[in-house]
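According to our numbering, the residues represented by the sequence shown are 2 to 121, in order.
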Amino acid sequence: MLCFVAEGISAATKKPPLKPININTANSEELQQVPGIGPATAEKILQMRKSYGVFKSVDDLLSIRGIGKKRLEKMRKYLVVSKSTAVNRTSRPPVSASPQKKPDLTSPAPQSSEAEEPPN
């Protein structure tokens, strides 16, 4: 019981982060900067991300036991989900539609289109 009281007190006195925390890239310490996220919740978030992949929305946190709608609404303004993170992990360099042809050095050079004068 004291655990919950201590977490509630620390959440009330915790300074919120200056900028929103990306839940797809944050580590435990960064997540704990958010009011309402303690060490246990941070670990649950990291475990869910590891098991199921990147979050598509902050609302995905509702799947974590202990995070309900009221709690999420208090944390929402401090959280963000970056779409680019998911793309960067799975993206590959674009493949050219028509590969450039290398010159064939084994065949003779093409003849000039100008007519040469026959030798006299």
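Note that beta-carbon positions come from the ideal geometry of N, C-alpha and C, so glycine has one too. Since we're looking at a predicted model, the values are computed, not measured.
Cβ neighbour criterion (16 or more within 10 Å) applied to Gly129: Absent from the structure is residue 129, since the part of the chain shown begins at 2 and ends at 121.
Per the DSSP calculation, Leu80 is bridged to which residue(s)? Counted from its first residue, the sequence shown places residue 80 at position 79. According to DSSP, Leu80 bridges with Ile22.
Judging by CA-CA distance, which residue of Leu47, Gly54, Thr26 and Lys16 is the nearest neighbour of Gly37? Within the sequence shown, residue 37 is the residue found at index 36, counting from 1. When each option's Cα is compared against that of Gly37, the closest is Lys16.
Which class does Ala43 belong to by DSSP, given the choice of helix, strand or coil? Position 42 of the sequence shown, counting from 1, holds the residue named residue 43. Three-state result, Ala43: helix.
Classify Ser58 as helix, strand or coil using the three-state DSSP reduction. In the sequence shown, the residue the question calls residue 58 occupies position 57. Coil, per DSSP.
Suppose you measure from the CA of Asn89 to the CA of Asn25; what does that come to, to the nearest Å? Along the sequence shown, read from residue 1 onward, the residue named residue 89 stands at position 88. Along the sequence shown, read from residue 1 onward, the residue named residue 25 stands at position 24. With a pLDDT of only 39 at Asn89, under the threshold of 50, the placement of this residue in the model should not be trusted, and no figure is reported.
Cβ atoms of Arg72 and Val59: under 8 Å apart, would you say? Residue numbering aside, residue 59 sits at position 58 when the sequence shown is read from its first letter. Residue numbering aside, residue 72 sits at position 71 when the sequence shown is read from its first letter. In this structure, Arg72 does not lie closer than 8 Å to Val59 by Cβ.
Alpha carbon to alpha carbon, how far is Tyr79 from Ser52? Looking up residue 79 in the sequence shown gives position 78. Looking up residue 52 in the sequence shown gives position 51. Roughly 23 Å between the two C-alpha positions.
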